[in-house]
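Student: Got a structure here, written out as C-alpha cells. Questions coming.
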Amino acid sequence: MSYTKLTTTSLSLLSDDQLPREKALAHGLKSLSDTELMAIIFGTGMKGVSVLEMSQNILNDNSGHLSDIAKMSPKLFSRRYKGIGPAKALTLLAGIELGLRAAADAAKKDNNPITSSKAAYELMRWHLQDLDHEEFWVLMLNNASIPVAEVFIASGGQTATVVDIKILMRKALECKAVRMIVFHNHPSGNCRPSLQDDALTRKITEAAKLLDIRVDDHIIVTPISYYSYNDQGRMAK
Numbered sequence: 310m311s312y313t314k315l316t317t318t319s320l321s322l323l324s325d326d327q328l329p330r331e332k333a334l335a336h337g338l339k340s341l342s343d344t345e346l347m348a349i350i351f352g353t354g355m356k357g358v359s360v361l362e363m364s365q366n367i368l369n370d371n372s373g374h375l376s377d378i379a380k381m382s383p384k385l386f387s388r389r390y391k392g393i394g395p396a397k398a399l400t401l402l403a404g405i406e407l408g409l410r411a412a413a414d415a416a417k418k419d420n421n422p423i424t425s426s427k428a429a430y431e432l433m434r435w436h437l438q439d440l441d442h443e444e445f446w447v448l449m450l451n452n453a454s455i456p457v458a459e460v461f462i463a464s465g466g467q468t469a470t471v472v473d474i475k476i477l478m479r480k481a482l483e484c485k486a487v488r489m490i491v492f493h494n495h496p497s498g499n500c501r502p503s504l505q506d507d508a509l510t511r512k513i514t515e516a517a518k519l520l521d522i523r524v525d526d527h528i529i530v531t532p533i534s535y536y537s538y539n540d541q542g543r544m545a546k
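Just so we're aligned, residue 310 is where the sequence shown starts under this note's numbering, counting upward by one.
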C-alpha cells in the first residue's frame, strides 16, 4: 500500500501532552485511540512517515477493524506493509493477542457460572473468532454451570469440521462434566447454522443424554458476532 501523509497527526504538530506515551501516562491507556495504542507498540515510524501516520494508515487499510489485522501472520503483515519488518509486525500482533487473552481471562477469573450465551461467547471467542479455518471447541461445565475446562476437539477447512462424537464424549467424561456448551466458527462471517450444523447439534445432544450430560447450547462464532441455538429456542430440553 502507499502511505498518505496525515498532517493532522504529524508528531511535529502535537504538544507533549498529545503524544501517545505522555497522554497515556497523564490520562491512562483507555484515553488513547486505536491509532495511538498501535503507535506505542510500534515505537517508531518509517523514513518520512511518523509512527502515528503509519498506524493510522494501517487502520484505514483495514477499515478501522483491529480484528482484521489480528488475522494476519507476521509474514503477511510485513509483505502487505512494506518497511515494517517481521519483528515489528510480531510485536503488534502479540499485543493484540494479549488483549484478547486478557478479555477472556477477565471473563473467567471470578469462576462465575455461565448463565447466558453472551457470557459463554465472551469466554470462548478468542479461541475462534479470528481463524481462517473452522475449529470445534467445548466448554465443559459442572452442575452449577461453572467452567471446568475449555477443550479443543477438531480442526477443519474453511467450510466444515468433522467432529468425532466419541472423542467429544470421552473428553467430557475425563473432565467430569455435567453440562457442556459446544462451539464452532464460521470464517465466512455468516453466523447462520447450516443443515450439517443442525444435524451435528442433534447427534451431540442425543449422545450426551445417554451419559446424563446436558448440552446447554451450540454457539457459532464469527469474526464480529455469534449465533446461539439456545437463544433461538432450538436446543432440546
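Glycine included, C-beta positions come from ideal geometry on N, C-alpha and C.
Given that a residue counts as buried once 16 or more other Cβ atoms are within 10 Å of its Cβ, and exposed if not, what is residue 524?
Tutor: Buried.
Student: If you measure between the beta carbons of residue 443 and residue 374, is that distance less than 9 Å?
Tutor: Taking 9 Å as the Cβ cut-off, residue 443 and residue 374 do not qualify as a contacting pair.
Student: Taking 8 Å as the limit between beta carbons, can you name the residues of its chain near residue 471, skipping five residues before and five after?
Tutor: If we look at residue 471 and ignore the five residues flanking it on each side, its Cβ neighbours are 463, 465.
Student: Rounded to whole angstroms, what's the CA-CA distance from residue 497 to residue 535? Just pull it up for me.
Tutor: Roughly 12 Å between the two C-alpha positions.
Student: Report yes if the CB atom of residue 474 is closer than 9 Å to the CB atom of residue 528, and no otherwise.
Tutor: It is not a contact, given that the beta carbons lie outside the stated cut-off.
Student: Given this structure, state the Cα-to-Cα distance separating residue 363 from residue 415, to the nearest angstrom.
Tutor: If I take the Cα positions, the gap works out to 31 Å.
Student: Note the first and the last residue of the continuous alpha helix (DSSP H) segment covering residue 474.
Tutor: It spans 474-483 - the alpha helix (DSSP H) in which residue 474 sits, taken as one unbroken run.
Student: I want to know whether the region 480-487 touches the region 450-458 - three or more CB-CB distances under 8 Å.
Tutor: Yes, the region 480-487 touches the region 450-458.
Student: Just the Cα atoms here: how many angstroms apart are residue 483 and residue 449?
Tutor: Cα to Cα, residue 483 sits roughly 10 Å from residue 449.
Student: Straight-line CA distance for residue 546 to residue 408?
Tutor: So the alpha carbons of these two residues sit roughly 37 Å apart.
Student: What is the C-beta distance between residue 368 and residue 344, in whole angstroms, given that I count them as a contact (C-beta under 8 Å)?
Tutor: The Cβ separation is near 6 Å, so the contact holds.
Student: Report yes if the CB atom of residue 537 is closer than 9 Å to the CB atom of residue 526, and no otherwise.
Tutor: It is a contact, given that the beta carbons lie within the stated cut-off.
Student: Could you check the C-alpha separation between residue 531 and residue 385 for me, to the nearest Å?
Tutor: C-alpha separation (whole angstroms): 21 Å.
Student: Roughly how many angstroms separate the alpha carbons of residue 342 and residue 332, rounded to a whole number?
Tutor: If you take the alpha carbons of residue 342 and residue 332, they lie about 11 Å apart.
Student: Could you please give the first and the last residue of the uninterrupted beta strand (DSSP E) stretch that includes residue 346?
Tutor: Element bounds for residue 346: not the beta strand (DSSP E) but the alpha helix (DSSP H), 343-351.
Student: Which ranges does the alpha helix (DSSP H) cover as unbroken runs of at least 4 residues, wholly within the region 409-467, from first to last along the chain?
Tutor: 426-437, all fully within the region 409-467.
Student: Can you tell me which of the three DSSP states residue 387 falls into?
Tutor: Correct three-state label for residue 387: helix.
Student: In whole angstroms, what is the alpha-carbon distance linking residue 541 and residue 393?
Tutor: Residue 541 and residue 393: Cα-Cα distance of roughly 45 Å.
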